[in-house]
Structures are given as structure tokens and as C-alpha cells.
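Inspection log for the structure reproduced underneath, given as C-alpha cells.
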Amino acid sequence: VFQGIGAASLGSLNVTIIGDLYHRQQRTHVMGYNVSVQSIATAIYPTLGGFLALFAWYFPFYLPLLAIPVGVAALIWLSVPKAECLLTLREYFGQIWHILKDRQVAGLFIISTAIFVMLYGAIITYLPFLLISAFLVDSFIAGIVVSFISVTSAFTAFLVGNLIRRYSMKGLLMAAFPFQAFGLFLIPFAPHLLIILIPVGLFGVGMGLAIPTTQNLLVNLAPMENRAAVMSLNGLVLRLGQTLGPLMMAVVLSALALPGVYFIGALIALALIPVVFLTVPSLNRSMKER
5 VFQGIGAASL GSLNVTIIGD LYHRQQRTHV MGYNVSVQSI ATAIYPTLGG FLALFAWYFP
65 FYLPLLAIPV GVAALIWLSV PKAECLLTLR EYFGQIWHIL KDRQVAGLFI ISTAIFVMLY
125 GAIITYLPFL LISAFLVDSF IAGIVVSFIS VTSAFTAFLV GNLIRRYSMK GLLMAAFPFQ
185 AFGLFLIPFA PHLLIILIPV GLFGVGMGLA IPTTQNLLVN LAPMENRAAV MSLNGLVLRL
245 GQTLGPLMMA VVLSALALPG VYFIGALIAL ALIPVVFLTV PSLNRSMKER
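What follows is the structure in C-alpha cells.
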């Protein structure tokens, strides 16, 4: 419980601080680097945890202790600008409600939820089962294949800052979902374990495009005094997607078998393209500017 309370704010806080410290083009680069680092850590920690567990089952639980020196360093050296005005609690929630009614924010929250429905439903939950049943691999190999998503996601997110110079954020977001749809659709047809890395990698490319771009758009929309709240709400819808994904895909599995999980996931990805087209403008403006 305590670990969950502490970790819940980190995903929102780091994006909020990036939004406060950096502006526009520089922010886009740093957002991409942030997602890239997170993806690398996601790829590494299962292997590291497994290695530590070879010595004792409880050793992996000591890893969070590394957060203590990191937190102390942030407290000493990280300088974060303060909001220009302090709001009463009523004014604060009033502004949050105003932001939630915005069509762009609602669309981006739908996108964030759907991304994690696909990731935790079709990939994290059911891809290991498909790999074990279709290719007779052990759980270690299945974990490596799933981690390949983090590799391609990290590489793509690292490039987002440069891509944004040539393409709009709306264009990048719309491009992300065909990658995910195509990857999900192809997974059940992969004839060999090595071949399945191709669609898995394509899904990771889509993740690497979608997550930093969505975060950038939300940060640009929210005024500084409400940015933390907006990103916290985004964290809430991410957790909602993580929760709904396995439940939704379990229903699909019972009705359409394992390949159906990936076909429905592909349809979800394709359905997000018109959501982006209808809710995200080509030129993004903050809530204050409107």
C-alpha cells in the first residue's frame, strides 16, 4: 500500500516538472527522452529482478531503496518554478472541471486509456500465453519477447523530438495507431518465434510515438497552475486502461479465442485514428489562450 501511494504520483510529477521547466520544442525532446528512459527501465527490470531472485526471493524488493538517494538529490538540486497565483480549493476544482469539459482533453484521455487497454490486455496479459502455446517457449523467453516492445518504444520515443520538427504532433499521433493496429493484427499469423518480433516491434514503435506525443499535448493544453492535476488525471486514466485491458480481453478470449484478442486490439487502434482527427487540432493551443 505504501509503495503504491509513493509510486502513484511519480508518473504524473515527472511529466509535470518537465512541462514546467521546458518549453515547446525543447519540451518535446525531453518528453521523448523521458519515455525512452522509462521504456529502457521496463525492459531491464524483469531481468534484473530475476537475477537478484537467484540469490534470495526477497532481494528484488530492496530495489525501491534506490529511490531514497534519488529523492534526496532531487530535493537538493532540482529547482521547480512556482505557480504565479494560489487558488482556493473551490477555484482549483472549478478549473479542473472546466478543463475536463474541453473536447481536446477528453479525446486525449480516451486515447491514453485505449493505449493501455491494448498494452495490458493484448500484450502484457495474453502474449506470453500465445508464445508458450504456439512456440513452446519457457516464461523467460516469453519475457524477452514482450520486453522487445520496450526496446522499439524507447528507440522511437528518443526520436520524437526530431520528428516533431518535420511533422505535427497530430500527425505523429495519427501515425502511431496504424503501427499498433498492424502489429496486433499480424501477431497471430507469425510462423516463427523470431518472426513475431516484427509485429511486436511495430506495436512498440506505435507506443513510442503515442505516449510522449499525448503527454506533450496535455502539458501544452494545461496552464501551469493546473498542470499537475491534469497529468494526475492522465495517470488515473492510464491505470483505468491497465485495469480494463485484461478484463475486456478476457471477454474477447472467451468469445473469439486467442487470435480474437489481437484482432479486437487492432480494431481499437484503428478506432483511435478518427478520435485524433476529431479532437486534436493541427495547431495546439493552451487552455489559457482560448
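Numbering (my numbering), first residue to last: 5 to 294.
We treat Cβ as the ideally placed atom computed from N, Cα and C, and that holds for glycine.
Helix, strand or coil: which one does DSSP assign to T156? helix
Assigned secondary structure, K174 (DSSP; H/G/I helix, E/B strand, else coil): helix
On the three-state DSSP scale, how would you describe S83? Coil at S83, not helix or strand.
Through-space distance from G10 to G98, alpha-carbon basis: G98 and G10 have their alpha carbons spaced roughly 27 Å apart.
Indicate whether the contact test is met: 3 or more Cβ pairs, each with one atom in the region 42-49 and one in the region 169-181, closer than 8 Å. no
What's the C-alpha gap between P64 and F55? 9 Å
Whole-number beta carbon distance between L222 and L112, since they are thought to touch under 8 Å: 6 Å
On the criterion of 16 or more Cβ atoms from any shown chain inside 10 Å, does R294 qualify as buried, or is it exposed? Residue confidence is low: R294 scores 43 on pLDDT, short of 50, so the model does not pin down where it sits. No coordinate-derived value is stated.
Quick check on DSSP: helix, strand or coil for Q7? helix
Which first and last residues belong to the alpha helix (DSSP H) in which A126 is found? DSSP places A126 outside any alpha helix (DSSP H), giving it a letter other than H or E.
Look at A158 and A273 and say whether their C-beta atoms are less than 9 Å apart. no
Given this structure, state the Cα-to-Cα distance separating V149 from L197, to the nearest angstrom. 9 Å
Do I115 and V280 have their C-beta atoms within less than 9 Å of each other? yes
Taking one C-beta from the region 67-84 and one from the region 235-250 each time, how about it: are there three or more such pairs within less than 8 Å? no
What separation, rounded to the nearest whole angstrom, lies between the Cα atoms of D142 and I136? Their Cα atoms are separated by approximately 6 Å.
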